[in-house]
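Encoded as structure tokens, the structure appears first; notes follow it.
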Amino acid sequence: MKKKILAGFAIGLFTIAGAPSAHATVIRNTFGLSGPHSTITFDEHVLPSQAMVTTEYSSQGVTFSPGGLFSVYGPFGSGAVANIDGQYLANFIPSGFGGSRFPIFMSFVTPQTEAAFAFIGASIATIQAFLGGSLIESDSFATSGSASDLNNFIGFQNITFDAINVYAYSPSCDPFGVGWVCPAFVDNIQLPTASPSSVPEPATMLLTGLGLAGLVGAHRRKRLGTDLEESSLGHRVET
914 MKKKILAGFA
924 IGLFTIAGAP
934 SAHATVIRNT
944 FGLSGPHSTI
954 TFDEHVLPSQ
964 AMVTTEYSSQ
974 GVTFSPGGLF
984 SVYGPFGSGA
994 VANIDGQYLA
1004 NFIPSGFGGS
1014 RFPIFMSFVT
1024 PQTEAAFAFI
1034 GASIATIQAF
1044 LGGSLIESDS
1054 FATSGSASDL
1064 NNFIGFQNIT
1074 FDAINVYAYS
1084 PSCDPFGVGW
1094 VCPAFVDNIQ
1104 LPTASPSSVP
1114 EPATMLLTGL
1124 GLAGLVGAHR
1134 RKRLGTDLEE
1144 SSLGHRVET
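Dropping the structure here:
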């Protein structure tokens, strides 16, 4: 019986050790995060139009890569663009073309387990999550690019990440096939207000499994010692 229990435990431990890391849930809806959250509206610090944005919003929890031209624009007319209002972030300059547009790369001051934001870009949107500089999740999907499309909140949940890269692509924006991206807008970045809890990784689960294995082994040795002691006492009594 004990052999069967230990064999079953070994199989379970192998399963835990070989389990893949958790996959993120991709957010795509009309409202963003459902739990308590703060929102970065880009109205917190009013910058000149077409100003490059880097660390100006670090006190709100996010910074932006200085490798591209990220310009603050606004405001649109009230209600003119779904979920984009007041000041907002754009990846282009007026009349800019091709190489003057860049993906929008945002880094979070602390690792997150969920984040969402309003995004408008034509044709195909790609969103990527990074942790420690490594790509850990990516998803691409068709977008309408319409200013009236309310279904434009995107993001990730249920995975730990510290940066997000997002861009829109269409062959019409890249006539020479060199990787030029389309104009895009970002606004209302949502971050959870509760402290993020890490998603368990396989290594952590393996260590937990090894600890349980040690407890089972200790219990088995203790039980074996008790059986030997009882057997010895019984032998002496019979003698």
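Heads up: the sequence shown begins at 914 in the numbering used here, then just goes up one per residue. For every residue, glycine included, the Cβ atom is placed at its ideal position computed from N, Cα and C. None of the values given here were measured: they were computed from a predicted structure.
Residue i, DSSP secondary structure in three states
i, result
"residue 908", "Outside the shown range of the chain (914 to 1152) lies residue 908, about which nothing can therefore be said."
"residue 1123", "A caution first: residue 1123 carries a pLDDT of 49, below 50, which makes its placement in the model unreliable, though a value can still be read off. Helix at residue 1123."
"residue 1059", "coil"
"residue 1024", "strand"
"residue 971", "helix"
"residue 1084", "helix"
"residue 962", "coil"
"residue 1036", "strand"
"residue 934", "In this prediction, residue 934 scores a pLDDT of 49, lower than 50, which makes its location untrustworthy; no coordinate-derived value is stated."
"residue 1013", "helix"
"residue 947", "coil"
"residue 1041", "strand"
"residue 1068", "strand"
"residue 1004", "coil"
"residue 1089", "coil"
Span separating the alpha-carbon of residue i from that of residue j
i, j, result
"residue 1027", "residue 1084", "31 Å"
"residue 1048", "residue 1041", "7 Å"
"residue 976", "residue 1089", "31 Å"
"residue 999", "residue 959", "10 Å"
"residue 1020", "residue 1070", "16 Å"
"residue 1045", "residue 1024", "10 Å"
"residue 964", "residue 978", "13 Å"
"residue 985", "residue 968", "13 Å"
Cut-off 7 Å between Cβ atoms - residues of its own chain near residue i, not counting five sequence neighbours on either side
i, result
"residue 996", "1031, 1063, 1065, 1066, 1100 and 1101"
"residue 950", "1103, 1104, 1105 and 1106"
"residue 957", "970 and 973"
"residue 944", "1066"
"residue 946", "1027, 1029, 1103 and 1105"
Spatial neighbours of residue i in its chain, beta-carbon cut-off 6 Å, leaving aside the 5 residues before and after
i, result
"residue 1017", "1004, 1079 and 1099"
"residue 942", "1066"
"residue 1058", "1035"
Residue i versus the options, residue with shortest Cα-Cα distance
i, options, result
"residue 1060", "1096, 1045, 1072 and 974", "1096"
"residue 1022", "962, 1001, 942 and 1075", "1075"
"residue 993", "965, 1051, 1033 and 961", "1033"
"residue 938", "1057, 1035, 1044 and 1029", "1029"
"residue 1091", "963, 1013, 968 and 954", "1013"
"residue 966", "936, 940 and 1002", "1002"
"residue 1072", "1087, 1093 and 1043", "1043"
Beta carbon proximity, residue i to chain C, threshold 7 Å
i, result
"residue 1083", "No chain C is part of this structure, which consists of one protein chain only."
Cβ-based neighbour list, residue i, same chain, cut-off 8 Å, excluding 5 preceding and 5 following
i, result
"residue 1037", "1053, 1054, 1055, 1056, 1081, 1082 and 1083"
"residue 1051", "1039, 1040, 1041 and 1042"
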